[in-house]
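Q: These protein sequence lines map, in sequence, to chains Y and D.
When we follow our numbering, the leftmost residue of the first sequence carries the number 2, and every step to the right adds one.
When we follow our numbering, the leftmost residue of the second sequence carries the number 2, and every step to the right adds one.
I'd like to ask you about the structure that follows.
2 protein chains.
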Amino acid sequence: MKQSLLFAPTLKEAPKDADVKSHKLMARAGLIKQTAAGIYTYLPLARRAMNHIERIIREELDQRDCSELLMPALQPRDLWEESGRWGEYGPELFRLKDRKDRDFCLGPTHEEVITQVTRDYINTYKKLPLALYQIQTKFRDELRPRFALMRGREFIMKDLYTFHTDDQDLDLWYDKIMKAYTVMFERMGLQTKIVSSDTGQIGGKEADEFMVMSEVGEDTISYCDTCQYGANQEFSGLHEKDPCPKCDSGTIKEAKGIEVGNIFKLGTKYSESMNAYYNDKDGQKTPVVMGCYGLGISRTLMAVVEQNSQEHAMVWPKEVAPFYVHVIPLKTNQEEDMAAAQSIYKTLNQQYDVLIDDRDERPGIKFKDADLIGIPYRVVIGKDLKDGLVEFTNRYTGEKKLVKVAEISQHIHR
Amino acid sequence: MKQSLLFAPTLKEAPKDADVKSHKLMARAGLIKQTAAGIYTYLPLARRAMNHIERIIREELDQRDCSELLMPALQPRDLWEESGRWGEYGPELFRLKDRKDRDFCLGPTHEEVITQVTRDYINTYKKLPLALYQIQTKFRDELRPRFALMRGREFIMKDLYTFHTDDQDLDLWYDKIMKAYTVMFERMGLQTKIVSSDTGQIGGKEADEFMVMSEVGEDTISYCDTCQYGANQEFSGLHEKDPCPKCDSGTIKEAKGIEVGNIFKLGTKYSESMNAYYNDKDGQKTPVVMGCYGLGISRTLMAVVEQNSQEHAMVWPKEVAPFYVHVIPLKTNQEEDMAAAQSIYKTLNQQYDVLIDDRDERPGIKFKDADLIGIPYRVVIGKDLKDGLVEFTNRYTGEKKLVKVAEISQHIHR
């Protein structure tokens, strides 16, 4: 892709309300733009990275027998009356009326809809288990939206729902999905920790959170540095360096974390209130046992930026990078330089997503933008072209060297 | 994928309100399920087909130098006051207030947001042209939602916006995108006709619609059977068999069409009202010239079903098919049959998306479901397996024959 046609409006200064490193960098790199408090547009570089995150999620869930569907954002009040949440849910729920004065809400979560969608179908044990997910925009009217994508009012989530005959089958799937999450986050270049959490407005019996360790974030988590088990509640009252109450030898550490996933053993909360029953092998009417598994996609994007950036630069993890190679001719008005750049672009673009900086800008501006944009491999066409050499940078290692044009691709690694 | 784990709740009868062939078939094949009037869940088979439609759109637009972004559904009133549409737009606009009593609407279209997103960036002619699109959920509170996805209240669209220095450049891009549309629809297996249309609530100078010829649909279009030019307005008052006023030899034909795309030369309507100006080569402040290009993804899905179905069966076009090959062992309790089915599945699944009907159901039910689900190539494992043969059906041609297990893949064509 030509950079002149890519919409990446980099900024010299971050917006005043940006008080987190990743928020500053995302605004400066032209990744996001605010439309209203807590409401953002994902610009092309962010959309490309997010498409990769979505692809990784689909690949990992599909190969574990989950199926994708898409539920509506507009949800009628009657479904929420069935579950009892219309009254329970606070002002975070966006509510509206249609032209005929009927009540709707904008879904912050989809337990009601998925139960309505599946309850007629799951009439016998033969139809279980079942695992359905969606990638969708969600809404929550936060009192104080902040940290950009970390606490937004409109955000993107993957939500998976599983259905089972009994608790044992739920446990099996819960473990399977928990492992899938670990794989997904690793592929996205994120180090996560699993901590048990409360069940909040979703409800259910048991829940776990996937936390990205970070200097910023909404939660402080305490965890044992030896047995690696961590939990907000169980360890509450405990502080840095206290002995671990779970194992003999560990001590407690504290960290400010970003929650990127939250998974729940719902049990029969929704199936009982919304009448989702199946006939078991003995013909007995039995409530379906459910699990639900959230993964905040827009928030994960921000966590990726947070973990992989410095103040004026970032480097995208391989599988999430919006482009893989950045080709930068320094003098776009020099015919030979541009011809070489075009030729390098064409060759590499057969194998990788390549961005070519064809803009008529000064080298200083090009390098500043390139550092912000964070493409992992960089090829600079400059004064050594006369000797058939270009400057090649592996931005993961920082290694910079002159390489022969014909040998560039040998230095790029998947 | 195992059919036992796929959520495709086929029905014997279509819902009572389904009065269109495609609506009946989509409900019966387990493609969609209604959550409220005009509000649907896209079940896994539909979501898979829609993912293919989205992939085709991305491929065709990306290779034409368009970039994907994602704008919010929640749009603040002040943006719509700038364009003047807050007052102009009727009760089709879903409006709501946030917890701080500020007005928002749910976007039926994104001219305001895209102008806000780009106007600071496009400060000079050097930043033009620019082409940005998104694939996103839109909202329109229809008075009478009907025909399922054809006139829904929550629907999925691709909307592209282009930005230019002048009308000549807009014309060039308008033609380029018009050609891209023709290619996209062809790849989706749809025959479309282009007719000029009015500019409606979007505004602008000139607009064209892409119509799928169909017995159902919201619009009757009249077109010349010789010069192939058709137009709602220009030909209004003309009827079937009238002579064409445009060419010498043609006569007029009428058809009930489904509008799947609508493209507009917006001109400077939004840039002037919303202050999107750039400096031209002489330093003169000039309004940006804009185009916008909609493509109804959920509606296109329905048009694909309408054009490729009969009452009890459909066959998906190749590039849109949710699965490509359907492997159906008739006796799941026979060890040899299942072993052969699994082996065929594993081999074909390396190259194609394959669905295997592992359900313990009677052959009659399996065939009825398979006809509804509409997978193009079918392999039935039955009584001829003892001779190393399976029944192979190419559902495009209807040709059915016994083939050797080892030779199945020779009969499947991309």
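Heads up, the beta-carbon is just placed ideally off N, CA and C, and yes, glycines get one too.
1) Considering just the uninterrupted stretch of the alpha helix (DSSP H) at Y/Arg78, what are its terminal residues?
2) Runs of 3 residues minimum, wholly inside the region 302-344 of chain Y: which ones carry the beta strand (DSSP E) assignment?
3) How about the region 36-45 of chain Y and the region 304-312 of chain Y: do they share at least three Cβ pairs that are nearer than 8 Å?
4) Roughly how many whole angstroms lie between the Cα atoms of Y/Glu113 and Y/Met151?
5) Distance check for Y/Tyr224 and Y/Pro364, CA to CA, integer angstroms please.
6) Could you name the residues of the region 321-345 of chain Y whose beta carbon sits closer than 7 Å to any beta carbon of chain D, in the order they occur along the chain?
7) D/Phe156 and D/Arg300 - do their beta-carbons sit closer together than 8 Å?
8) Are the beta-carbon atoms of Y/Arg360 and Y/His327 separated by less than 8 Å?
9) Around the C-beta of D/Asn124, are 16 or more other C-beta atoms found within 10 angstroms, so that it is buried, or is it exposed?
10) D/Arg48: which of Y/Arg29, Y/Gly31, Y/Leu161 and Y/Ser68 sits nearest, CA to CA?
11) Between D/Asp99, D/Thr269 and D/Lys194, which has its C-alpha nearest Y/Leu144's C-alpha?
12) Pull up the CB-CB distance for D/Pro16 and D/Ala28, whole angstroms please, since I reckon it's below 8 Å.
13) Based on the DSSP output, what are the partners of Y/Glu112 in its beta bridges?
14) Anything in chain Y within Cβ reach of D/Arg145, meaning under 8 Å, just list it in chain order.
15) Keeping to the same chain, check which residues put their C-beta closer than 7 Å to that of Y/Gly201; ignore five residues upstream and five downstream.
16) For D/Asp338, tell me which candidate among D/Leu373, D/Tyr134, D/Val321 and D/Gly389 has the shortest Cα-Cα distance.
17) Entirely within the region 193-262 of chain Y and at least 4 residues each: give me those alpha helix (DSSP H) ranges in chain order.
18) Report the residue from Y/Ala342, Y/Val217, Y/Tyr353 and Y/Val321 whose alpha carbon sits nearest the alpha carbon of Y/Val381.
19) For the alpha helix (DSSP H) that D/Ala181 lies in, which residues bound it at each end?
20) Kindly indicate if chain D contains any beta-carbon less than 8 Å away from that of Y/Ser68.
21) How should D/Ala407 be labelled, buried or exposed, when 16 other C-beta atoms within 10 angstroms of its C-beta is the threshold for buried?
22) By Cβ distance below 6 Å, which residues in the same chain neighbour D/Lys206 in space, the five residues on each side in sequence not counted?
23) Inspect the beta-carbon positions of D/Ala149 and D/His53 and report whether they are closer than 8 Å.
24) Quick check: the Cα distance between Y/Met158 and D/Glu83, rounded to an integer number of angstroms?
25) Which partner residues of Y/Asp160 appear in the DSSP bridge assignment?
26) Answer with buried or exposed for D/Ala340, where buried requires no fewer than 16 other C-beta atoms within 10 angstroms of its C-beta.
27) Taking all protein chains shown into account, decide if Y/Gly88 is buried (16 or more other Cβ within 10 angstroms of its Cβ) or exposed.
28) Using the Cβ count rule (16 or more neighbours within 10 Å means buried), how would you classify D/Trp20?
29) Can you tell me whether D/Phe236 is buried or exposed, with buried defined as 16 or more other CB within 10 angstroms of its CB?
30) Taking 8 Å as the threshold (beta carbon to beta carbon), is D/Val118 in contact with chain Y?
31) Take Y/Pro244 as the anchor and find which of Y/Lys257, Y/Asp226, Y/Val261 and Y/Gly258 has the nearest alpha-carbon.
32) Between Y/Asp354 and the rest of its own chain, which residues show a CB-CB distance below 6 Å, the 5 nearest in sequence each way excluded?
33) Applying the 10 Å Cβ sphere with the 16-neighbour rule, what's the burial state of D/Arg188?
34) Just by C-beta distance, which residues in the region 32-44 of chain D are closer than 8 Å to chain Y?
A: So, from the listed chains and residues:
1) Note, Y/Arg78: alpha helix (DSSP H), Arg78 to Ser84.
2) You should have 326-330.
3) Cβ pair count under 8 Å is below three, so no.
4) Rounded to the nearest whole angstrom, the CA to CA distance from Y/Glu113 to Y/Met151 is 25 Å.
5) Taking the straight line from one Cα to the other gives about 47 Å.
6) So nothing in the stretch comes that close.
7) Cβ distance < 8 Å, so D/Arg300 and D/Phe156 count as in contact.
8) Against a cut-off of 8 Å, the Cβ pair of Y/His327 and Y/Arg360 comes out as no contact.
9) Classification for D/Asn124: exposed.
10) The residue with the shortest Cα to Cα distance from D/Arg48 is Y/Ser68.
11) Measuring from the Cα of Y/Leu144, the nearest candidate turns out to be D/Asp99.
12) 5 Å between Cβ atoms; contact.
13) Bridge partners of Y/Glu112: none, in fact.
14) Within chain Y, no residue comes near D/Arg145; the closest Cβ sits about 11 Å away, beyond 8 Å.
15) None.
16) That would be D/Gly389, whose Cα lies nearest to the Cα of D/Asp338.
17) The qualifying runs do not exist here; there are none.
18) The residue with the shortest Cα to Cα distance from Y/Val381 is Y/Ala342.
19) D/Ala181 -> alpha helix (DSSP H) spans Asp168 to Arg188.
20) Using a CB distance cut-off of 8 Å, Y/Ser68 counts as an interface residue toward chain D.
21) D/Ala407 comes out exposed.
22) Short of 6 Å from the beta carbon of D/Lys206, and not among the five residues preceding or following it, lie these beta carbons of its own chain, in chain order: Lys266 and Gly268.
23) Result no, Cβ atoms of D/Ala149 and D/His53 do not sit closer than 8 Å.
24) Spanning the alpha carbons of Y/Met158 and D/Glu83 requires a straight line of approximately 31 Å.
25) Answer by DSSP bridge pairing, in chain order: Y/Gln135 and Y/Gly295.
26) By the neighbour-count rule (16 or more Cβ atoms within 10 Å), D/Ala340 is not buried but exposed.
27) Using a 10 angstroms sphere on the CB of Y/Gly88, the tally of other CB atoms stays under 16, which defines it as exposed.
28) Looking at the sequence provided, one finds Asp at residue 20 of chain D rather than Trp. Its Cβ having fewer than 16 others within 10 Å, D/Asp20 is exposed.
29) Interpretation of D/Phe236 is limited by its pLDDT of 48, a score under 50 that renders its predicted location unreliable; no figure is taken from the coordinates.
30) Interface residue (Cβ-Cβ distance to chain Y less than 8 Å): D/Val118 is classified as such.
31) Each of Y/Lys257, Y/Asp226, Y/Val261 and Y/Gly258 was checked against the Cα of Y/Pro244, and the nearest Cα belongs to Y/Asp226.
32) Same-chain partners within the cutoff: Phe324 and Tyr325.
33) Counting C-beta atoms within 10 angstroms of its own C-beta, D/Arg188 has 16 or more neighbours from the protein chains shown and is therefore classed as buried.
34) So the list reads Lys34, Thr36, Ala37, Ile40, Tyr41, Thr42, Tyr43 and Leu44, given in the order they occur along the chain.
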